[in-house]
Amino acid sequence: MLDALHAIVCEVERDRSLDRPEQLRERIRAMDRLEDLWLHVPEGETPAAGAVMNILRRRAKARHAALAEIQRRLCDGIRHAIVQGAGAHALRGWLHHDDLREPWGYDHLDALIGDVLSLDEPSSVAALEAEMVFYQPTPVRHVLDLIHRARLGRDDVLIDLGSGMGHVPLLVSICTEAQACGIEREEAYVNSARRAAEALGIERATFLAQDAREADVSRGTVFYLYTPFTGEMLRQMLDRLHAEARRRSIRVATLGPCTPAVAGESWLRAAGEPDAGRVTLFRSVA
Numbered sequence: 059m060l061d062a063l064h065a066i067v068c069e070v071e072r073d074r075s076l077d078r079p080e081q082l083r084e085r086i087r088a089m090d091r092l093e094d095l096w097l098h099v100p101e102g103e104t105p106a107a108g109a110v111m112n113i114l115r116r117r118a119k120a121r122h123a124a125l126a127e128i129q130r131r132l133c134d135g136i137r138h139a140i141v142q143g144a145g146a147h148a149l150r151g152w153l154h155h156d157d158l159r160e161p162w163g164y165d166h167l168d169a170l171i172g173d174v175l176s177l178d179e180p181s182s183v184a185a186l187e188a189e190m191v192f193y194q195p196t197p198v199r200h201v202l203d204l205i206h207r208a209r210l211g212r213d214d215v216l217i218d219l220g221s222g223m224g225h226v227p228l229l230v231s232i233c234t235e236a237q238a239c240g241i242e243r244e245e246a247y248v249n250s251a252r253r254a255a256e257a258l259g260i261e262r263a264t265f266l267a268q269d270a271r272e273a274d275v276s277r278g279t280v281f282y283l284y285t286p287f288t289g290e291m292l293r294q295m296l297d298r299l300h301a302e303a304r305r306r307s308i309r310v311a312t313l314g315p316c317t318p319a320v321a322g323e324s325w326l327r328a329a330g331e332p333d334a335g336r337v338t339l340f341r342s343v344a
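Each residue of the sequence shown is one higher than the one before, counting from 59 in the working numbering.
Set out below in structure tokens:
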């Protein structure tokens, strides 16, 4: 095992391409490998092996710190651009459309955006009610897919129903000219999203600490659901959206297990085959 761990540390130390800012994916993977080395590898079975392990850990931490500093400078530059109103330009080279064949899990784009947004996750939140789904942010590659395929413009208002800490509204507001509103019952999440928006000078993203079934959604043109709830709660939300669609044309975007239920609504038509593993766009019909 020591030989294999030594090889990992030497490989990451020698690979100076990781120092280039554009090597984001590779750098994040290398940092993860180094973290695994000092967090999850057991102590050596003998004093000599233990001493070698300690040396490898120190080397791994030193290289990890150097790569983390590159990440810090990269993210500081992106944050500065967002504050100056040039966030879409600053992110354009990083937020390319990634492989969506693996629908779940997080990757290097989530690591980048997590550092850029600097959202502070609350230490405690209220217990979920029945039919509410445990919060997980939409993977960034799916947010980008939504932005790309919905072709959001300055006349659009995207409403994220169950927005958590606001990743979707924040990214929509940074990357497009659309307005975005996150509706979330957990006030601690809403406060975190508001602080991030204020710190980055993002004015087109707003956040409401409210039950999505009761909130004012009259301004929305696109409604996003990453399966925030199920059963009767989902039924009530869809009925509310149907009432909106009777007054005007709207679009609904879904991701996850709620997609088949939304696809069964007679007042909605999907743009393509509904797929729970990828954002599906629906348009209301008269």
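No residue lacks a Cβ here, since even glycine has one placed at the ideal position from N, Cα and C.
Just to confirm, are residue i and residue j a CB contact at a threshold of 8 Å?
| i | j | result |
| --- | --- | --- |
| residue 128 | residue 168 | no |
| residue 342 | residue 303 | yes |
| residue 267 | residue 227 | no |
| residue 265 | residue 224 | yes |
| residue 323 | residue 283 | no |
| residue 260 | residue 231 | yes |
| residue 219 | residue 236 | no |
| residue 311 | residue 208 | yes |
| residue 280 | residue 309 | yes |
| residue 314 | residue 285 | yes |
| residue 173 | residue 133 | yes |
With DSSP collapsed to three states, give me the class of residue i.
| i | result |
| --- | --- |
| residue 384 | Outside the modelled stretch of the chain, which goes from 59 to 344, sits residue 384, for which no answer is possible. |
| residue 90 | helix |
| residue 267 | strand |
| residue 74 | helix |
| residue 280 | strand |
| residue 215 | strand |
| residue 186 | coil |
| residue 339 | strand |
| residue 349 | The structure shown does not extend to residue 349, since the chain spans only 59 to 344, so no value can be given for it. |
| residue 179 | coil |
| residue 159 | coil |
| residue 273 | coil |
| residue 96 | helix |
| residue 153 | coil |
| residue 55 | Past the edges of the chain, shown from 59 to 344, lies residue 55, and the structure says nothing about it. |
| residue 259 | coil |
| residue 115 | helix |
| residue 210 | coil |
| residue 165 | coil |
| residue 143 | coil |
Can you give me the C-alpha to C-alpha distance between residue i and residue j, rounded to a whole angstrom?
| i | j | result |
| --- | --- | --- |
| residue 189 | residue 299 | 18 Å |
| residue 291 | residue 74 | 52 Å |
| residue 160 | residue 86 | 18 Å |
| residue 97 | residue 162 | 24 Å |
| residue 130 | residue 321 | 42 Å |
| residue 149 | residue 202 | 11 Å |
| residue 329 | residue 184 | 36 Å |
| residue 171 | residue 254 | 12 Å |
| residue 65 | residue 89 | 15 Å |
| residue 95 | residue 115 | 7 Å |
| residue 318 | residue 194 | 20 Å |
| residue 336 | residue 153 | 17 Å |
| residue 187 | residue 301 | 25 Å |
| residue 147 | residue 229 | 13 Å |
Please report whether the beta-carbon of residue i lies at a distance below 8 Å from any beta-carbon of chain D.
| i | result |
| --- | --- |
| residue 230 | Chain labels in this structure do not include chain D; a single protein chain is all it has. |
Return the bridge partner residues of residue i from the DSSP annotation.
| i | result |
| --- | --- |
| residue 287 | 190 |
Length-filtered (4 minimum) alpha helix (DSSP H) runs lying within the region 293-329:
The alpha helix (DSSP H) runs lying completely inside the region 293-329 and spanning 4 residues or more are 316-321, given in chain order.
Please go through the region 223-254 and give each complete alpha helix (DSSP H) segment of 4 or more residues, from N-terminal end onward.
225-233
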